[in-house]
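Per full-length UniProt numbering, the sequence shown starts with residue 1, numbered consecutively. Glycine included, each C-beta is placed from N, C-alpha and C at the ideal position. Remember, predicted model here, so these are calculated numbers, not experimental data.
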Amino acid sequence: MTIASLLEPITGQPGPARLVHAADWMQGRTLYGGASALVAYTMAQRAFTGLPPLRAAQIGFVAPIGEEIELHAEIIREGRNVTQVRSEIHSGGKTALTAFWLFAAQRDANAKRAADDLADWPGAPEDSPQAMKGQGPAFIQNNFELRYGQDKEADHGATIRRWARLTEDHDLDPVSKLVLMGDVMPPGAMRIMQRMGPISSINWSFNVLDPFTQSEGGWYLAENASQYADSGYSSERLRMWDSDGRQVIEGLQCVAVFG
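Written out as structure tokens, the structure is:
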């Protein structure tokens, strides 16, 4: 189902909205994290047109999000180059997602440093076997194509890396596509769980390194790596690269690990 159908009810006006095609993007009893983040991002974009490119975001996944929601957005501060916007999704009269977006115009660079290259680059996605075919949540089966981004026979510790692309282009702008895709991988902590159990993303913070990215074939290499896991939580590093090996997102996430 095209993401445009999910986003169609978002007019930029505050108040109730009904996501009539939410079922195509559900993960258990809540909207998939990337889709719910995109709903909040789209609300910010449509509420305040003419914003500069997105450079960073902080998102809190507070409660499950379903079909019936209420949307809010406000400008926190608008400077000469940077505009900071908060948008929220309410469900059942309570906050279900809160997001803080940092939009910033491009300036002449006073410091330049390219992101480090990925040491064990997996090669082209077309040369990698398909992953999770017929497996995983329905929203992945219906909306994503995944291929291995690491040798599936080797031990990669607490790191999961996959090539991912949308099965439909959806006519999304580059940043909206990154927001939708950036949370598609399960946490790396799943690889080191002593017994299977549920997991839940609590938050997601990321910096957009290239808001104008156009990756060949729509493919992006997504990685989730647990940096530390204990006491029922995992601190995860989330990164994405385009098909030429240029990093486009640098992120951090806290995940609850149950069971």
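Residue burial classification, residue i (beta-carbon count within 10 angstroms, cutoff 16)
{"i": "residue 147", "result": "buried"}
{"i": "residue 194", "result": "exposed"}
{"i": "residue 177", "result": "buried"}
{"i": "residue 20", "result": "exposed"}
{"i": "residue 236", "result": "buried"}
DSSP bridge partner residues for residue i (one or two, in chain order)
{"i": "residue 98", "result": "60 and 88"}
{"i": "residue 240", "result": "222 and 249"}
{"i": "residue 160", "result": "224"}
{"i": "residue 233", "result": "230 and 256"}
{"i": "residue 15", "result": "71"}
{"i": "residue 166", "result": "144"}
{"i": "residue 207", "result": "56 and 250"}
Top-ranked residue by Cα proximity to residue i, from the options
{"i": "residue 70", "options": "87, 83, 108 and 77", "result": "87"}
{"i": "residue 72", "options": "121, 155, 95 and 190", "result": "95"}
{"i": "residue 15", "options": "80, 222 and 40", "result": "40"}
{"i": "residue 211", "options": "250, 97 and 125", "result": "250"}
{"i": "residue 179", "options": "231, 90, 110 and 57", "result": "57"}
{"i": "residue 2", "options": "171, 248 and 80", "result": "171"}
{"i": "residue 158", "options": "230, 52 and 226", "result": "226"}
{"i": "residue 256", "options": "188, 124, 85 and 93", "result": "188"}
{"i": "residue 36", "options": "65, 4, 253 and 162", "result": "65"}
CB contact flag (residue i, residue j, <9 Å)
{"i": "residue 233", "j": "residue 181", "result": "no"}
{"i": "residue 164", "j": "residue 144", "result": "yes"}
{"i": "residue 213", "j": "residue 169", "result": "no"}
{"i": "residue 244", "j": "residue 215", "result": "yes"}
{"i": "residue 49", "j": "residue 7", "result": "no"}
* Identify every run of the alpha helix (DSSP H) within the stretch 95-146, keeping only runs that are complete inside it and at least 4 residues long; order them along the chain. => 138-143
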